[in-house]
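*Asks:* Numbering (numbering that gives the first Met the number 0) for the sequence shown: 0 to 445.
Note that CB positions come from ideal geometry on N, CA and C, so glycine has one too.
Right, I'll just put the structure down here and ask away after.
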Amino acid sequence: MPDDSAPRRPLFQSDEDATLSPEEVSLLEAGYEAAVDAVRRNVTSAGFSACSLNDNTVYGTDVNYRSVWARDGAKTICWTLDLVDEEIDLCQRATLETLLGHTAENGHVPCNVTIDDGRPEFTGVGGIASIDAGLWVVIALRAYCKARNDWSLAEKHRERLETMMAWLAAQDSNGDGLLEIPEAGDWTDLFARNYHVLYDEVLWFRCLGCYADILEQFGDDDGAARYRSWSKRVGRLILKNFWPSTSRAEPPEDPNPLHNVPLPSFADAQFALGDARYLVAEVSPFAFSWRCDVYANLLAFITGLVDKDRALMTFRFLWGVGVSDPWPVENLYPVVQSGDREWKDYFTVNLLNLPHHYHNGGIWPFVGGLWVRYVHKLGMKDLAKRELVKLAECCKLGVGREWEFNEWHHGQTGRPMGKAYQAWSAASFVKACHSLHVDPEHATLT
């Protein structure tokens, strides 16, 4: 049971600069309590469910919601670590135990493990392997152990972690330093992204750094140094390949000659694009997507991959095109329309990826929480508070009742269309509330 006597961080009782009205402060306080309640609704003995099993009707393909999902569970862990709540703490550990305990011998982390019978599922749509599952689990494990100052869980799964990292590294199939992602191989499992996908590469950058921290705790300083160097190299490659520029300046070369595999030139494509204001969504030898993956760009700054100057350029672009209207925040800009080169007929499956729906420009509250933290990390504290109020108003909406923390909302109408009491939506709101009381310079993914 939660320890109600344990102290919680103060939220917005004393708004010294009067950025918020008393009514807005009350809204945030109510939203915070509702968010914690929504997280608790996802507590199961096996770990966090993706959405409340008691508050959603499950039918057809939705049966897979009765699972502990790697990416959903890992994010929920990362964003609830500041809570003083025994029930949630036990569920954080159970989530990691379930996912790590069902990892395949080759190191492939399951995308989900069913709650009813403990069956791991390693693939998603079309039998495609889930790549980001393992990335998120390593990130969450490091965050959990660091927050608890207890690395015993990582030590328990030390050998498994080695195979997980080897499996992930093997996804760099051509040795160019970046992972090659199959279509439907990550959270956008009904959307056309493949080969070098910004979202996955940013997570790979972060995952390598997190594993370096884990190795350091094991006393393996040489291994930790190797993985930190690897992470930095991946970061340079991401900036080189995903941030179009008319400048031909090359990033510093890695001192290890084995790490300087010649890359296919993207220079011509970059010159055709001119100078960007954000990291583009996807790059392959055959094409590129010039769209802005909002979610991935927010992660790039929060993880420390992108510097403040670039992040400010991206913010100005995103603010100008209105990705936080009506609510924070659309996950993609601009949306893919029928007839576009990037359009696929399967976008209409279950009517999910129509324009302004789901992965195709839908509003995701969990990404909205990252947006609030992004703005705060840029030093725009007042604006971050204002955007948090908008996020609270969004999460208060519901199909059946208030404070449903729905999975996603329509990108234009702002109305909720996803599952109710989505764990990562609620957890991201909790983390955003906590982050606004942290020095912006020290804001991180976890």
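Tell me residue 332's beta-bridge partners as DSSP assigns them.
*Replies:* 291
*Asks:* Three or more C-beta pairs closer than 8 angstroms, one from the region 145-163 and one from the region 311-320: is that the case here?
*Replies:* no
*Asks:* Excluding the 5 residues preceding and the 5 following residue 359 in the sequence, name in chain order all residues of the same chain whose CB lies nearer than 6 angstroms to its CB.
*Replies:* 334, 335 and 352
*Asks:* Give the secondary structure of residue 375 by DSSP, where H, G and I count as helix, E and B as strand, and everything else as coil.
*Replies:* helix
*Asks:* Using C-beta distances below 8 angstroms, list every residue in its chain close to residue 237, excluding the 5 sequence neighbours before and after it, in chain order.
*Replies:* 177, 197, 200, 201, 204, 278, 299 and 304
*Asks:* Of the choices 242, 409, 174 and 393, whose alpha-carbon is the least far from that of residue 424?
*Replies:* 393
*Asks:* Alpha helix (DSSP H) containing residue 281: first to last residue?
*Replies:* Counting along the chain, residue 281 falls outside any alpha helix (DSSP H), though it belongs to the beta strand (DSSP E) covering 279-282.
*Asks:* Could you pull out every residue in the same chain whose Cβ sits closer than 8 angstroms to the Cβ of residue 414, ignoring the five residues on either side in sequence?
*Replies:* 396 and 408
*Asks:* Name, in chain order, the residues that DSSP records as bridge partners for residue 483.
*Replies:* No statement about residue 483 is possible, as the shown extent of the chain runs from 0 to 445 and does not include it.
*Asks:* DSSP three-state call for residue 119: helix, strand or coil?
*Replies:* In the structure shown, residue 119 sits in a strand (DSSP, three-state: E or B).
*Asks:* Given 8 angstroms as the limit, is there contact between the region 38-47 and the region 111-123, that is, 3 or more CB pairs closer than that?
*Replies:* With a cut-off of 8 angstroms, the region 111-123 and the region 38-47 count as touching, because enough Cβ pairs lie within range.
*Asks:* Taking only the alpha-carbon atoms, compute the straight-line gap between residue 452 and residue 230 and give it to the nearest angstrom.
*Replies:* The requested residue 452 is not part of the displayed model; the chain covers only 0 to 445.
*Asks:* Do you know whose CA, among 195, 184, 181 and 186, lies nearest residue 175's CA?
*Replies:* 195
*Asks:* Given 8 angstroms as the limit, is there contact between the region 205-220 and the region 379-390, that is, 3 or more CB pairs closer than that?
*Replies:* no
*Asks:* Can you say whether residue 436 is buried or exposed, counting buried as having 16 or more other CB atoms within 10 angstroms of its CB?
*Replies:* exposed
*Asks:* Measure the alpha-carbon distance for residue 49 versus residue 245 and round it to whole angstroms.
*Replies:* 43 angstroms
*Asks:* Expressed to the nearest angstrom, what Euclidean distance is found between the alpha-carbon atoms of residue 242 and residue 275?
*Replies:* 6 angstroms
*Asks:* Starting from residue 323 and walking both ways along the alpha helix (DSSP H), at which residues does that stretch end?
*Replies:* Neither: residue 323 is in no alpha helix (DSSP H) and is coded neither H nor E.
*Asks:* Given residue 73, which residues of its chain have a CB within under 6 angstroms of its CB, disregarding the five upstream and five downstream residues?
*Replies:* 135, 136 and 139
*Asks:* Roughly how many angstroms lie between the CA atoms of residue 54 and residue 417, to the nearest whole one?
*Replies:* CA-CA distance, residue 54 to residue 417, rounds to 12 angstroms.
*Asks:* Whose CA, out of 240, 33, 99 and 141, lies closest to the CA of residue 77?
*Replies:* Looking at the Cα atoms, 141 is the closest of the given residues.
*Asks:* To test your reading of the DSSP string, which unbroken alpha helix (DSSP H) runs of 4 or more residues are found completely within the region 52-134?
*Replies:* Restricted to the region 52-134, the alpha helix (DSSP H) segments that are unbroken, complete and at least 4 residues in length are 69-79 and 85-100, listed in chain order.
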